[in-house]
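>
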């Protein structure tokens, strides 16, 4: 089998972040892993004491094992490439994030994993022993000002 | 089982993509084994999904 050659004339990517990769060339094995706690707070303040208590293992989303696909059995694959080229004119991407990959070329094995946990509003329940967040009614800006 | 693939000409003019996020793959080429996993946990009240991806103003 003749391996295929990938040909891209122009690549334009504006931003890459969080374990993302842009790769030009063949790859044997590629693995990327990203985990994120997306905390949405009402008040624009940073509490360093609270942030020290927030750990990934406290949340099930980061600890549960992920199921792995079983390897194929009794299948032999054979491919013929004629012509042995994949041609692309232009690739234009705004953003690549959280273990996203742009790969030009062949890959033998690729394994990507991403875990995201969303948390909203610590205002009423900053108890580190119980990180289940109790929902609170929306608070208006005028009510916040009254607190001060 | 024998699985036979014959690839002929593959030519793409342009690819325009807004976002490639949480364990996604854009591949121009061949692959042997692909394994992509994503675990996402969000309370029902959450309004915003995904991580911050791109600056809003371009």
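Chains as they are written, first to last, in the working numbering: chain A, 1 to 148; chain B, 1001 to 1058.
Glycine residues also receive a C-beta, built at the ideal position from the N, C-alpha and C atoms.
1) What does the Cβ neighbour count give for residue 10 of chain A, buried or exposed, with the cut at 16 atoms within 10 Å?
2) What residue does the beta strand (DSSP E) around residue 1003 of chain B start on, and which one ends it?
3) So which residues of chain B does residue 102 of chain A contact, with C-beta pairs closer than 7 Å?
4) Can you round the beta-carbon distance between residue 46 of chain A and residue 97 of chain A to whole angstroms, since I take them to be within the 8 Å contact cut?
5) Jot down the residue ranges of each uninterrupted beta strand (DSSP E) in the region 27 to 115 of chain A, minimum 3 residues, whole runs only, in chain order.
6) What residues in its chain sit with their C-beta under 6 Å from that of residue 15 of chain A, if we drop five residues either side in the sequence?
7) Compare the C-beta of residue 107 of chain A against all C-beta atoms of chain B and say whether one is closer than 8 Å.
8) Quick one: residues in its chain with C-beta nearer than 7 Å to the C-beta of residue 107 of chain A, no 5 flanking neighbours on either side, listed in chain order?
9) For residue 1041 of chain B, which three-state DSSP category applies?
10) Does the Cβ of residue 64 of chain A have 16 or more other Cβ atoms within 10 Å, making it buried, or fewer, making it exposed?
11) Would you say residue 1039 of chain B reaches chain A, if we count a Cβ-Cβ gap shorter than 8 Å as a contact?
12) What does residue 80 of chain A reach in chain B if we use C-beta pairs closer than 9 Å?
13) For the region 72 to 82 of chain A against the region 1002 to 1015 of chain B, are there 3 or more C-beta pairs whose distance is under 8 Å?
The relevant details are as follows:
1) exposed
2) 1002 to 1007
3) In chain order: 1020 and 1026.
4) So it is not a contact: roughly 22 Å between Cβ atoms.
5) 27 to 40, 76 to 81, 85 to 96 and 101 to 104
6) 95
7) yes
8) 27 and 30
9) strand
10) exposed
11) yes
12) 1004, 1005, 1006 and 1007
13) They touch, by the three-pair rule.
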